[in-house]
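Chemist: Protein chains in written order, with the numbering used here: chain A, -13 to 100; chain B, 6 to 122.
Using N, Cα and C, we set each Cβ at its ideal position, and we do this for glycine too.
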Amino acid sequence: AQKVTQAQTEISVVEKEDVTLDCVYETRDTTYYLFWYKQPPSGELVFLIRRNSFDEQNEISGRYSWNFQKSTSSFNFTITASQVVDSAVYFCALPLGGYNKLIFGAGTRLAVHP
Amino acid sequence: GAVVSQHPSRVICKSGTSVKIECRSLDFQATTMFWYRQFPKKSLMLMATSNEGSKATYEQGVEKDKFLINHASLTLSTLTVTSAHPEDSSFYICSASPRDRGLYEQYFGPGTRLTVT
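#1: Give the straight-line distance between the Cα atoms of residue 77 (chain B) and residue 44 (chain A), rounded to the nearest whole angstrom.
#2: Looking at chain A, which residues of the segment 47 to 81 of chain B have a Cβ within less than 7 Å of any of its Cβ atoms?
#3: Leaving aside the five residues before and after residue 87 (chain B) along the sequence, list all residues of the same chain whose C-beta is less than 8 Å from its C-beta, in chain order.
#4: At the 8 Å Cβ level, is residue 24 (chain A) part of the contact set with chain B, yes or no?
#5: Since residue -8 (chain A) is in the beta strand (DSSP E), which residue starts that stretch and which ends it?
#6: Secondary structure at residue 81 (chain A), three-state DSSP: helix, strand or coil?
#7: With a threshold of 16 other CB atoms inside 10 Å of the CB of residue 15 (chain B), please say whether the residue is buried or exposed.
#8: Determine which residues of the segment 109 to 120 of chain B have a Cβ less than 7 Å from any Cβ of chain A, and write them out in chain order.
#9: Does residue 77 (chain A) pass the burial test, meaning 16 or more other C-beta atoms within 10 Å, or should it be called exposed?
#10: The beta strand (DSSP E) spanning residue 18 (chain B) covers which residue range?
#11: For chain A, find out if any of its Cβ atoms is closer than 8 Å to the Cβ of residue 39 (chain B); answer yes or no.
#12: Whole-angstrom Cβ separation of residue 73 (chain A) and residue 96 (chain A), contact assumed at under 8 Å?
#13: At the level of alpha carbons, what is the spacing between residue 4 (chain B) and residue 21 (chain B)?
#14: By how many angstroms is the C-alpha of residue 11 (chain B) removed from the C-alpha of residue 15 (chain A)?
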């Protein structure tokens, strides 16, 4: 079955701390994509990254980095030197089979305090 | 970039009335649109897949007669919550997949917050 687990419900950090958000997934597919989205208080989903299962290289985009480990079915997201604007709910997602529809994890609510 | 709009952004309606929510892809054509529902502090739950020119495909447990979906054109899908009740109060989010892009490209609308009194 397709499943995404984000075990961390809420994380609270102080500004400038690094924080890692965990994502563990289950899939029957041999090739697949994984996504991370940010949902700020406004509610709109902001696309952060799409990762192909073929590519296990870690990705870095500014203060954001992603660690994809196929062996452990994990796709963790790290924010370096967190800022208050990073406060949001972060969702990891996996497409269902060969379809476009996404299965979302429960989300991790990140609070960054000044 | 690809932009998806939703209208209205917020709506309050009385119990028993119907509410229509529009989802538009503003700068691309979308053969497929998706409707999600999100309860407070919860994750997004896929309700249905809307394909242009054909009937929507509903996820298990979603009432077809309650949540009417129409995808009349390549840029517009509508979700009508019929005979709304307070338990239908939720945040509804649509997304759209461009017809000329690869698989798994999906753009989300800003969401519609429905409150049924």
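Modeler: Quick answer:
#1: Note on geometry: alpha-carbon atoms of residue 77 (chain B) and residue 44 (chain A) lie some 42 Å from one another.
#2: The segment 47 to 81 of chain B vs chain A, Cβ under 7 Å: 48, 49, 51, 54.
#3: Taking C-beta separations shorter than 8 Å and ignoring five residues to either side along the sequence, the partners of residue 87 (chain B) in its chain run 23, 70, 71, 72, 73, following chain order.
#4: Residue 24 (chain A) does not count as touching chain B.
#5: Counting along the chain, residue -8 (chain A) falls outside any beta strand (DSSP E), and DSSP gives it neither H nor E.
#6: Of the three classes helix, strand and coil, the one that applies to residue 81 (chain A) here is strand, per DSSP.
#7: Counting the other CB atoms within 10 Å of its CB gives residue 15 (chain B) a total below 16, which places it among the exposed residues.
#8: Those residues of the segment 109 to 120 of chain B that come within reach of chain A (Cβ to Cβ, closer than 7 Å) are 109, 111, 113, 115, 116.
#9: Label assigned to residue 77 (chain A): buried.
#10: Membership of residue 18 (chain B) in the beta strand (DSSP E) is indicated by the continuous run 15 to 18.
#11: With 8 Å as the cut-off, residue 39 (chain B) counts as an interface residue toward chain A.
#12: Residue 73 (chain A) to residue 96 (chain A), Cβ: 6 Å. Contact.
#13: Coverage of chain B is limited to positions 6 through 122, which leaves residue 4 (chain B) absent and any answer about it impossible.
#14: Note on geometry: alpha-carbon atoms of residue 15 (chain A) and residue 11 (chain B) lie some 33 Å from one another.
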